[in-house]
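>
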Amino acid sequence: MNTIVLANPRDPTFPSGMYAAPEHLGLGYLAAALRSAGFEAQVVDGDAEGLSDSEVLARIVAAKPDLVGLTCTYLTMEAAGSLAEGVKARIPGALIVLGGEHAAFAARAVLAREAAVAAVCLGEGEPVIVEMAQHLAAGKDWRRVSGLAFRDESGEFKQVFRPAADVDALPAPARDVLLRCLARGMPAMIGFLTSRGCPNRCSFCNSHQFFDRTGRRPWRARDPRRVAAEVQDVLQSVARYGSLVYPIVYFYDFNFFGPPSGLAERVRCFAEAFEEQDMVVPFEINARADTIATLGRRGLRRLRRIGLVSAFLGLEAGTRAALRVYRKGTTPQINSRAVSELDRCRIASPTGGFIMFNPYTTPEEVRANAWFLHRIRRLTFWNVSQSVQVFPGSEMASRLEAEGLLDAAAVYSNALAYRFADGRVGQLSRFLSGIKSTELSRADAVLGYGEVLLSLLTLRLERGELPAAAAGPLARWRRHWTAVQAQVSDLTLDFLLAALAHFERGCGPHPSSRLPRFLQALSQLIDRAEAVMGRGLDHISQVGGEEG
997 MNTIVLANPR DPTFPSGMYA APEHLGLGYL AAALRSAGFE AQVVDGDAEG
1047 LSDSEVLARI VAAKPDLVGL TCTYLTMEAA GSLAEGVKAR IPGALIVLGG
1097 EHAAFAARAV LAREAAVAAV CLGEGEPVIV EMAQHLAAGK DWRRVSGLAF
1147 RDESGEFKQV FRPAADVDAL PAPARDVLLR CLARGMPAMI GFLTSRGCPN
1197 RCSFCNSHQF FDRTGRRPWR ARDPRRVAAE VQDVLQSVAR YGSLVYPIVY
1247 FYDFNFFGPP SGLAERVRCF AEAFEEQDMV VPFEINARAD TIATLGRRGL
1297 RRLRRIGLVS AFLGLEAGTR AALRVYRKGT TPQINSRAVS ELDRCRIASP
1347 TGGFIMFNPY TTPEEVRANA WFLHRIRRLT FWNVSQSVQV FPGSEMASRL
1397 EAEGLLDAAA VYSNALAYRF ADGRVGQLSR FLSGIKSTEL SRADAVLGYG
1447 EVLLSLLTLR LERGELPAAA AGPLARWRRH WTAVQAQVSD LTLDFLLAAL
1497 AHFERGCGPH PSSRLPRFLQ ALSQLIDRAE AVMGRGLDHI SQVGGEEG
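Numbering (the working numbering), first residue to last: 997 to 1544.
Shown next as structure tokens:
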């Protein structure tokens, strides 16, 4: 059997000039599973390697594969379809399968639209892709493999689910893309998975279903000792690349902590696994606000001691009405307490996982959400401009469809294809999301990086890795940084409320006329933020520290 190729189309919305693109860990897991079963597998990652769609296609075709696995999101669904057509035109005998959450829940639409795609993987792909390769190699009918949606011989749509895999039985993901990027001198970001799935059922999300379509095991954790060993092995393998490796590793789990019933045990086991190896690794997690609030300072500080520097916090909203729409099971007070606990522990949470707009948002909620963000010091343009993404398979998609608010395009490739109950809010949402500016991307990158860097350097100071004399410069940097953040917040609040007033009451100048002044003022503040960061790093370096 020829090489199997696993590919990720490039996401055109990713600001690759401002961030080190992470490798696609899912494809790394698939490649490792195939190699463990004796098959040759190549990974082509358009995002991490900065490849155009034509370059991704050329690499796939050059391998002359019998089997091609394409992963996609709603943002890359169209690109994946085009890649499938391109591969099929050049290698007619290649079997092409799509994977990823969006494709899985849109499988019927995908197979109806994409003639070049033979099948869609309905959940975790490792056992599926291995069995497909084995069937092809043995000349058997691959349609007998469970975990796939496909067209049978008569063209009828079929789908067969399979139980979730044992996450500890899977081989560690292949790191081909990571090593290729580093060898080419490209900055790299390293990620790991400590669990799969999510025990919660937020209305806008389908992750609790995707990782176990049988519904029995929506969240499964790996053995923390295996995670710690994998982190140590990977970091040792890339140590020679020095500053090209981003100093913070990412745990990509949808929900790092899992169900609340096992929270204390999860923290204890994870911390002990790293403590046993005397390993402190700066890391970032994804977490729910209620989990952080319940965990409190004691639990956070234990994780802080082994390296927790940043948490992407799923706040989602600052009003009870919106939190009910999202089925979060939290309150604005819980959200505020979570942010406060992270701040007290010097753990960054630069982007609050905030969803300003949903189809039921009212002008009063926009205003209340804005003031909530202002109070907790998380008011950025990124947070105030985000609209909920409606994915197939989610509770919200079903509700909107029943109410006639969901457009057909949402099923296939547009998670924002819905209508607002209040047209004025819809106008505001479209106006904000339609603003395309490098200054906004730069602001998000600089503010986020600065907060995380402060947390990282504070951790180093706490551990004695920076001299005590660095405490003064670091404290001054934090004060100046906080002042800049406050100014950004005030500026953004003023712009948002003026835009809201225009669309709500039809009064005042159109917000687009205020946009140039807003962007210019924001640019000046971000220039100041970069200057503050630069001075802080210089001062710390002068007393014996390093940039990190």
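Ideal placement from N, C-alpha and C gives every residue a C-beta, glycine not left out. In this text the structure is predicted, and so the values were computed from the model without any measurement.
Given this structure, state the Cα-to-Cα distance separating Pro1278 from Thr1067, to the nearest angstrom.
Numbered from its first residue, the sequence shown carries residue 1278 at position 282. Numbered from its first residue, the sequence shown carries residue 1067 at position 71. Answer to the nearest angstrom: the Cα atoms are 29 Å apart.
> At what residues does the beta strand (DSSP E) containing Phe1153 begin and finish?
As a first step, residue 1153 is located in the sequence shown; it is residue number 157 there, counting from the start. It spans Phe1153 to Val1156 - the beta strand (DSSP E) in which Phe1153 sits, taken as one unbroken run.
> In this structure, does DSSP put Met1352 in helix, strand or coil?
As a working note, residue 1352 is residue 356 in the sequence shown. Coil at Met1352, not helix or strand.
> Around the Cβ of Gly1541, are there at least 16 other Cβ atoms within 10 angstroms (buried) or fewer (exposed)?
For the purposes of this step, residue 1541 is taken as residue 545 along the sequence shown, with counting starting at 1. With a pLDDT of only 49 at Gly1541, under 50, the local geometry of the prediction cannot be trusted, and the value read off the model is given with reservation. By the 10 Å Cβ count, Gly1541 comes out buried.
> Would you identify the three-state DSSP class for Leu1369, choosing helix, strand or coil?
In the sequence shown, the residue the question calls residue 1369 occupies position 373. Helix.
> In angstroms with no decimal places, state the Cα-to-Cα distance between Leu1455 and Tyr1237.
As a working note, residue 1455 is residue 459 in the sequence shown. As a working note, residue 1237 is residue 241 in the sequence shown. One C-alpha to the other measures close to 23 Å.
> Roughly how many whole angstroms lie between the Cα atoms of Phe1368 and Gly1314?
Translated into positions along the sequence shown, residue 1368 becomes position 372. Translated into positions along the sequence shown, residue 1314 becomes position 318. Taking the straight line joining both Cα atoms gives about 6 Å.
> In three-state terms, what does DSSP make of Arg1006?
To locate residue 1006, count along the sequence shown from 1; it is residue 10. Looking at Arg1006 - three-state DSSP - the assignment turns out to be coil, as it is neither helix nor strand.
> I need the DSSP call for Tyr1025, collapsed to helix, strand or coil.
Within the sequence shown, numbered from 1, the residue matching residue 1025 stands at position 29. The three-state secondary structure of Tyr1025, taken from DSSP, is helix.
> With a floor of 3 residues, list each beta strand (DSSP E) that falls wholly inside the segment 1304-1348, ordered by position along the chain.
1304-1310
> Taking the C-alpha atoms as reference points, what is the distance between Ala1398 and Ala1102?
Here residue 1398 refers to the residue found at position 402 when the sequence shown is read from its first residue. Here residue 1102 refers to the residue found at position 106 when the sequence shown is read from its first residue. Approximately 17 Å, taken between the alpha carbons.
> Strictly by DSSP, which residues pair up with Arg1147?
Taking the first residue of the sequence shown as position 1, residue 1147 is located at position 151. DSSP output for Arg1147 lists Phe1153 as bridge partner(s).
> With a threshold of 8 Å, are at least 3 pairs of Cβ atoms found where one atom belongs to the segment 1245-1261 and the other to the segment 1273-1292?
yes
> Considering just the uninterrupted stretch of the beta strand (DSSP E) at Cys1117, what are its terminal residues?
Here residue 1117 refers to the residue found at position 121 of the sequence shown. Taken as a continuous stretch (DSSP letters only), the beta strand (DSSP E) holding Cys1117 covers Ala1115 to Cys1117.
> Over what stretch of residues does the beta strand (DSSP E) that includes Thr1067 continue unbroken?
For the purposes of this step, residue 1067 is taken as residue 71 along the sequence shown, with counting starting at 1. Element bounds for Thr1067: Leu1063 to Thr1067.
> As a quick exercise: from Arg1342, Asp1286 and Leu1338, pick the residue whose alpha carbon is nearest that of Gln1329.
Start at 1 with the first residue of the sequence shown, and residue 1329 comes out as number 333. Put simply, of Arg1342, Asp1286 and Leu1338 the residue whose alpha carbon is nearest the alpha carbon of Gln1329 is Asp1286.
> Buried or exposed: which applies to Cys1503, given that a residue is buried once 16 or more other Cβ atoms fall within 10 Å of its Cβ?
By one-based count along the sequence shown, residue 1503 stands at place 507. By the 10 Å Cβ count, Cys1503 comes out exposed.
> Taking its Cβ as the centre, do 16 or more other Cβ atoms sit within 10 Å of Gln1232, making it buried, or is it exposed?
Working through the sequence shown from its first residue, we reach residue 1232 at position 236. Exposed, because fewer than 16 other Cβ atoms sit within 10 Å of the Cβ of Gln1232.
> With a Cβ-Cβ cutoff of 8 Å, do Gly1310 and Val1263 count as a contact?
The residue given as residue 1310 occupies position 314 in the sequence shown. The residue given as residue 1263 occupies position 267 in the sequence shown. Contact: no.
> So, using beta-carbon positions, are Lys1084 and Ala1075 closer together than 8 Å?
Numbered from 1 along the sequence shown, position 88 holds the residue referred to as residue 1084. Numbered from 1 along the sequence shown, position 79 holds the residue referred to as residue 1075. Not a contact, by the Cβ cut-off of 8 Å.
> DSSP beta-bridge partners for Leu1091?
Counted from its first residue, the sequence shown places residue 1091 at position 95. BP columns for Leu1091 point to Leu1063.
> Using only CA atoms, which one of Thr1376, Leu1118, Pro1512 and Arg1395 lies nearest to Gln1481?
By one-based count along the sequence shown, residue 1481 stands at place 485. The shortest Cα separation from Gln1481 among Thr1376, Leu1118, Pro1512 and Arg1395 belongs to Thr1376.
> Note down, in chain order, each residue of its chain lying with its Cβ closer than 6 Å to the Cβ of Ile1536, except the 5 sequence neighbours on either side.
Counting from one through the sequence shown, the residue named residue 1536 turns up at place 540. If we look at Ile1536 and ignore the five residues flanking it on each side, its Cβ neighbours are Ala1466 and Pro1469.
> Report the rounded CA-to-CA distance for Phe1350 versus Met1128, giving the unit in angstroms.
Translated into the one-based positions of the sequence shown, residue 1350 becomes position 354. Translated into the one-based positions of the sequence shown, residue 1128 becomes position 132. A straight line joining the alpha-carbon of Phe1350 with that of Met1128 spans about 40 Å.
> Skipping 5 residues on each side, what residues in its chain have a beta carbon closer than 8 Å to that of Ser1383?
Position 387 of the sequence shown holds residue 1383. Excluding sequence neighbours, Ser1383 sits near Ile1351, Met1352, Phe1353, Asn1354, Leu1412, Ser1425 and Ser1429.
> With a cut-off of 8 Å on the beta carbons, I'd call Ala1044 and Val1126 a contact; round off their distance for me.
Position 48 of the sequence shown, counting from 1, holds the residue named residue 1044. Position 130 of the sequence shown, counting from 1, holds the residue named residue 1126. The pair is not a contact, with the Cβ atoms about 24 Å apart (cut-off 8 Å).
> Is the beta carbon of Arg1293 less than 8 Å from the beta carbon of Glu1360?
Position 297 of the sequence shown, counted from the first residue, corresponds to residue 1293. Position 364 of the sequence shown, counted from the first residue, corresponds to residue 1360. Cβ distance not < 8 Å, so Arg1293 and Glu1360 don't count as in contact.
> What's the gap between the Cα of Ala1479 and the Cα of Ala1441?
Numbered from 1 along the sequence shown, position 483 holds the residue referred to as residue 1479. Numbered from 1 along the sequence shown, position 445 holds the residue referred to as residue 1441. In a straight line, the C-alpha of Ala1479 is about 18 Å away from that of Ala1441.
> Could you tell me which residues DSSP puts in a beta bridge with Val1001?
As a position in the sequence shown, residue 1001 is number 5, starting the count at 1. Note: Val1001 sits in a beta bridge opposite Gln1038 and Val1064.
> Starting from Phe1279 and walking both ways along the alpha helix (DSSP H), at which residues does that stretch end?
Counted from its first residue, the sequence shown places residue 1279 at position 283. Note, Phe1279: premise wrong, no alpha helix (DSSP H); beta strand (DSSP E) at Phe1279 to Arg1284.
> Give the DSSP-derived three-state secondary structure of Ser1191 in the structure shown.
Start at 1 with the first residue of the sequence shown, and residue 1191 comes out as number 195. Strand.
> Using DSSP bridges, identify the partner residues of Ala1184.
Residue mapping note: residue 1184 aligns to position 188 of the sequence shown, counting from 1. The partner list for Ala1184 (beta bridge, DSSP) reads Val1241.
> Exposed or buried, which one is His1204 when buried takes at least 16 other CB atoms within 10 Å?
The residue you call residue 1204 lines up with position 208 of the sequence shown. Label assigned to His1204: buried.
> With 16 as the cutoff for other CB atoms within 10 Å, does Gly1532 come out buried or exposed?
As a position in the sequence shown, residue 1532 is number 536, starting the count at 1. Flag for Gly1532 reads buried.
> Looking at C-alpha atoms only, which residue of Tyr1070, Leu1396 and Leu1299 is the closest neighbour of Asn1004?
The sequence position of residue 1004 within the sequence shown is 8, counting from 1. Closest option to Asn1004, Cα to Cα, is Tyr1070.
> Taking only the alpha-carbon atoms, compute the straight-line gap between Glu1447 and Ala1307 and give it to the nearest angstrom.
Sequence index remark: in the sequence shown, residue 1447 carries index 451 (1-based). Sequence index remark: in the sequence shown, residue 1307 carries index 311 (1-based). Roughly 11 Å separates the two Cα atoms.
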